[in-house]
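K.L.:
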Amino acid sequence: MTGIRLQAPAPGWAIDADVVVVGSGVAGLTAALRCTAAGLRTVVVTKARLDDGSTRWAQGGIAAALGDGDTPEQHLDDTLVAGAGLCDEEAVRLLVTEGPDAVRRLIDTGARFDTDAAGTIELTREGGHHRRRIAHAGGDATGAEISRALVDAVRDRAVRTIENALVLDLLTDAAGRTAGVTLHVMGEGQHDGVGAVHAPAVVLATGGMGQVFSATTNPAVSTGDGVALALRAGAEVSDLEFVQFHPTVLFLGPDAQGQQPLVSEAVRGEGAHLVDADGVRFMAGQHELAELAPRDIVAKGIMRRMREQGARHMYLDARHFGADMWASRFPTILAACRAHGIDPVTEPIPVAPAAHYASGGVRTDLHGRTTVPGLYACGEVACTGVHGANRLASNSLLEGLVFAERIADDIAASPARAGDPVPHPAPTVLPLLDPDARARVQHVMTTGAGVLRSEASLAEAAAALDAVYAEALNDGPDGNKAAEPGVESWETTNLLCVARVLVAAARRREETRGCHWREDRPDRDDAAWRRHLVVRLGPDRTLDVRTTDTQDFPPTDADAPREP
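Numbering (the working numbering), first residue to last: 829 to 1392.
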């Protein structure tokens, strides 16, 4: 344990549980429902409302070998190719073999996918897939339907929930084992202010960290809180340099900030073309799948064309769909485009890459166990080894589903017993950032650690982030006044934490692989870099970055046999 904590008031209230799940997307709610079904007292803590996470924004769908002629082996092959040599093959095989039944259980829970007249699930294609294996709902509202079904099930089963609550830090017992979390509840309710949930098992399902960049498809709540908590608790994180930039995000201008409208990959899966201002299809000939190449390749193709032409965006042309197809298959995207003055029925859609998904995160084993006993992670906050250097389209919902089930089964199989939470004998308080620093961190990351990176840009980003950190320590030239504890300052502090880890890893990886694109190191170097970077936060608040010996993850501490 590091002994590092966020600066916050002591908990003023506490409740007891067997397991606390932090997050309410597909991963968190699946884990909570399965733990509850096993008879475990389960509490769900979520930062906003139950349905306000990243899951509800997922448009394309969930990938699984459900169609005639498709097999888990083919799904595995496509995933390994997209992951650019860094996938854990055992984790991928587990995902694709357990995935189809997990989707069927999701349907049994109440999720309604689009079907044909015979009642067969309709499947589409997305980038990197050689088969139509993407199940969707409401045309392009898959995440919203999955979220609805899971939220309804959680409420039907009376799972205890704490909404509008920002998790702060991990609690541990005298032996250093997980004993719960501290959290801050915003607004009025049964609990308010800083409190605690005491539990021997904590499941992090907090989603991503896209808000570390100026423009992202992630919702405002995606501020890297789970990864930052895990780092402070002494857990290892891995592959944080592999941030996937979605190729086709609606371009709203060079100064657009915050959550941007996504134009799903499924639009290309149904036959839309990427073109430049002259109407030329520039992905044809760059990859056998053209516009349906893996996302890193398409994002790079767009960026190259933009640089060649001095353009700020490219176009996605789907005028040939016609009004009826747009209205039935992509109603959400159609409405978003029209809300911004663009009619995709009659004109091409301006698009550019934006931060979308963190392929890395808190390192886990195949049961979702982290390197801290009793602490689990699943969904985007986790690094299971499934995604490697670049996530295959629509594997994210499936990963959250499959690994959440495995976590719940692991907790239920050997319920842990923890002692009472104990305060660290000499806690190190992480300096709080003023909320105004948030935009500064985002600008630094977008400029220096975005789609295109180099040693020079990353070094400049690292220096700028160090300056922000030094000012928070009150060591800056202006001797900044300390920030007050609160949601905005805690979020900004978490963003700086994950930003520093991302930049440190991106500087260390001196090659181009997957969605990590180094302009100064344009080639993939398997001999030196077909391996992972693992980062820990030391008790002195410095980062320890090490490289694994091979592309396989070393065991987590939790891999060892445990006493019942």
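A virtual CB, placed ideally from N, CA and C, is assigned to each residue, including glycine.
(1) Out of curiosity, what's the CA-to-CA distance linking Gly856 and Val1030?
(2) Between Trp1154 and Leu1057, what straight-line distance do the alpha-carbon atoms span, to the nearest angstrom?
(3) Which class does Met1134 belong to by DSSP, given the choice of helix, strand or coil?
(4) Can you tell me which of Asp1353, Thr1375, Ile1235 puts its alpha carbon nearest to the alpha carbon of Val849?
(5) Is the segment 1174–1183 close to the segment 1137–1156, with three or more CB pairs under 8 Å?
(6) Helix, strand or coil: how does DSSP classify Asp1020 here?
(7) So, is Pro1251 buried or exposed, given that buried needs 16 or more other C-beta atoms within 10 angstroms?
(8) With Ala1182 and Gly1196 assumed to form a contact (beta carbons below 8 Å), what rounded beta-carbon distance in angstroms separates them?
(9) CB-CB under 6 Å to His1115, same chain, minus the five flanking residues each way: which ones, in chain order?
(10) Do you know how far the Cα of Ala1003 is from the Cα of Arg1245?
(11) Excluding sequence positions up to five away, which residues of its chain have a Cβ less than 8 Å from the Cβ of Leu908?
(12) Ordered along the chain, which non-local residues of its own chain (more than five positions away) have a Cβ less than 6 Å from that of Val924?
(13) For the alpha helix (DSSP H) containing Leu1286, list its first residue and its last residue.
(14) By Cβ distance, which residues of its chain are closer than 7 Å to Gly1213, with the 5 residues on each side in sequence left out?
(15) For Leu1301, is the classification buried or exposed, using 16 other Cβ atoms within 10 angstroms of its Cβ as the cut-off for buried?
(16) Might you give, ordered along the chain, the residues of its own chain that have their beta carbon closer than 7 Å to the beta carbon of Val847, omitting 5 neighbours on each side?
(17) Would Leu1225 and Thr883 be called neighbours here (beta carbons separated by less than 8 Å)?
(18) If the criterion is Cβ atoms closer than 8 Å, does the pair Val1065 and Gly1188 meet it?
(19) Assuming contact is defined by CB atoms lying nearer than 8 Å, are Glu1283 and Arg1359 in contact in what I supplied?
(20) Tell me the residue span of the alpha helix (DSSP H) that contains Thr1384.
(21) In terms of residue numbering, what span does the alpha helix (DSSP H) encompassing Val854 cover?
(22) Among residues of its own chain, excluding the 5 on either side of Leu951, which ones have a beta-carbon nearer than 7 Å to its beta-carbon?
(23) What is the rounded straight-line gap between the Cα of Ser852 and the Cα of Val873?
(24) Between Thr1044 and the rest of its own chain, which residues show a CB-CB distance below 8 Å, the 5 nearest in sequence each way excluded?
(25) Buried or exposed for Ser1156, please, with buried defined as at least 16 other CB atoms from any protein chain shown within 10 angstroms of its CB.
(26) Which ranges does the alpha helix (DSSP H) cover as unbroken runs of at least 4 residues, wholly within the segment 1052–1086, from first to last along the chain?
(27) Among residues of its own chain, excluding the 5 on either side of Asp1303, which ones have a beta-carbon nearer than 8 Å to its beta-carbon?
(28) Put Leu834 into one of helix, strand or coil per three-state DSSP.
(29) If I measure Cβ to Cβ from Val1173 and keep anything under 6 Å in the same chain, skipping five residues before and after, which residues do I get?
(30) Check each candidate in Asp997, Val1095, Leu1220, Thr1198 and name the one with the smallest Cα separation from Thr1010.
(31) Does DSSP put Gly1189 in a helix, a strand or coil?
(32) Which residues does DSSP pair with Thr1256 in a beta bridge?
P.N.:
So, to answer that:
(1) Here residue 856 corresponds to residue number 28 of the sequence shown, with the count starting at 1. Here residue 1030 corresponds to residue number 202 of the sequence shown, with the count starting at 1. For Gly856 and Val1030, the distance between alpha carbons rounds to 11 Å.
(2) Translated into the one-based positions of the sequence shown, residue 1154 becomes position 326. Translated into the one-based positions of the sequence shown, residue 1057 becomes position 229. The C-alpha of Trp1154 lies about 42 Å from the C-alpha of Leu1057.
(3) In the sequence shown, the residue the question calls residue 1134 occupies position 306. Helix at Met1134.
(4) Taking the sequence shown and counting its residues from 1, the one referred to as residue 849 is at position 21. It is Ile1235 whose Cα lies nearest to the Cα of Val849.
(5) Verdict: yes, contact present.
(6) Position 192 of the sequence shown, counting from 1, holds the residue named residue 1020. Three-state DSSP puts Asp1020 in coil, outside helix and strand.
(7) For the purposes of this step, residue 1251 is identified with residue 423 of the sequence shown, where counting begins at 1. Burial check for Pro1251: the Cβ neighbour count within 10 Å stays below 16, so the residue is exposed.
(8) Reading the sequence shown from its first residue, position 354 is the one you call residue 1182. Reading the sequence shown from its first residue, position 368 is the one you call residue 1196. Ala1182 to Gly1196, Cβ: 29 Å. No contact.
(9) As a working note, residue 1115 is residue 287 in the sequence shown. So the qualifying residues of the chain are Ala1121, Ile1125.
(10) Here the question's residue 1245 lines up with position 417 in the sequence shown. Here the question's residue 1003 lines up with position 175 in the sequence shown. C-alpha separation (whole angstroms): 11 Å.
(11) If you number the sequence shown from 1, residue 908 lands on position 80. Excluding positions up to five away in sequence, the list reads Cys915, Glu917, Val920, Gly1216.
(12) For this step, residue 924 is matched to residue 96 along the sequence shown. Around Val924: Pro900, His903, Leu904.
(13) For the purposes of this step, residue 1286 is taken as residue 458 along the sequence shown, with counting starting at 1. 1283–1300 is the span of the alpha helix (DSSP H), which, as asked, contains Leu1286.
(14) Along the sequence shown, one-based indexing puts residue 1213 at 385. The beta carbon of Gly1213 sits closer than 7 Å to those of Cys915, Asp916, Ala919, Phe1381, all from its chain and outside the five residues before and after it, given in chain order.
(15) The residue given as residue 1301 occupies position 473 in the sequence shown. So Leu1301 counts as exposed.
(16) Along the sequence shown, one-based indexing puts residue 847 at 19. The residues are Cys863, Leu868, Thr870, Ala1027, Ala1029, Val1031, Ile1239.
(17) Within the sequence shown, residue 1225 is the residue found at index 397, counting from 1. Within the sequence shown, residue 883 is the residue found at index 55, counting from 1. For Leu1225 and Thr883, yes; Cβs fall inside 8 Å.
(18) Numbered from its first residue, the sequence shown carries residue 1065 at position 237. Numbered from its first residue, the sequence shown carries residue 1188 at position 360. Val1065 is a Cβ neighbour of Gly1188, given a cutoff of 8 Å.
(19) Here residue 1283 refers to the residue found at position 455 when the sequence shown is read from its first residue. Here residue 1359 refers to the residue found at position 531 when the sequence shown is read from its first residue. No Cβ-Cβ contact shorter than 8 Å links Glu1283 with Arg1359.
(20) For the purposes of this step, residue 1384 is identified with residue 556 of the sequence shown, where counting begins at 1. Element bounds for Thr1384: n/a, residue is neither H nor E.
(21) For the purposes of this step, residue 854 is taken as residue 26 along the sequence shown, with counting starting at 1. Where Val854 is concerned, the enclosing alpha helix (DSSP H) stretches over 854–865.
(22) In the sequence shown, the residue the question calls residue 951 occupies position 123. The beta carbon of Leu951 sits closer than 7 Å to the beta carbons of Leu894, Gly895, Arg960, Arg961, Ile962, Ala963 from its chain, once the five residues preceding and following it are set aside; these are given in chain order.
(23) Along the sequence shown, one-based indexing puts residue 852 at 24. Along the sequence shown, one-based indexing puts residue 873 at 45. Their backbone Cα atoms lie some 8 Å apart in a straight line.
(24) As a first step, residue 1044 must be located in the sequence shown, where it is residue number 216. Same-chain partners within the cutoff: Gly1038, Ser1050, Gly1086, Gln1087, Gln1088, Ala1182, Ala1183, His1184.
(25) For the purposes of this step, residue 1156 is identified with residue 328 of the sequence shown, where counting begins at 1. Around the Cβ of Ser1156, a 10 Å sphere holds fewer than 16 other Cβ atoms; the residue is exposed.
(26) If we require 4 residues or more, the alpha helix (DSSP H) runs fully inside the segment 1052–1086 come out as 1053–1060.
(27) Translated into the one-based positions of the sequence shown, residue 1303 becomes position 475. Confidence at Asp1303 is low in this model, with a pLDDT of 49, below 50, so the placement of that residue is unreliable and no value is reported for it.
(28) By one-based count along the sequence shown, residue 834 stands at place 6. Leu834: strand per DSSP, three-state reduction.
(29) Here residue 1173 refers to the residue found at position 345 of the sequence shown. Excluding residues up to 5 positions away in sequence, Ala1151, Trp1154 lie with their Cβ nearer than 6 Å to the Cβ of Val1173 in the same chain.
(30) For the purposes of this step, residue 1010 is taken as the residue at position 182 of the sequence shown. Of the listed residues, the one whose Cα sits closest to Thr1010 is Asp997.
(31) Locating residue 1189 in the sequence shown gives position 361, counting from the first residue. Reduced to three states, the DSSP call for Gly1189 is strand.
(32) Sequence index remark: in the sequence shown, residue 1256 carries index 428 (1-based). For Thr1256, which the question treats as bridged, DSSP gives the partners Ile832.
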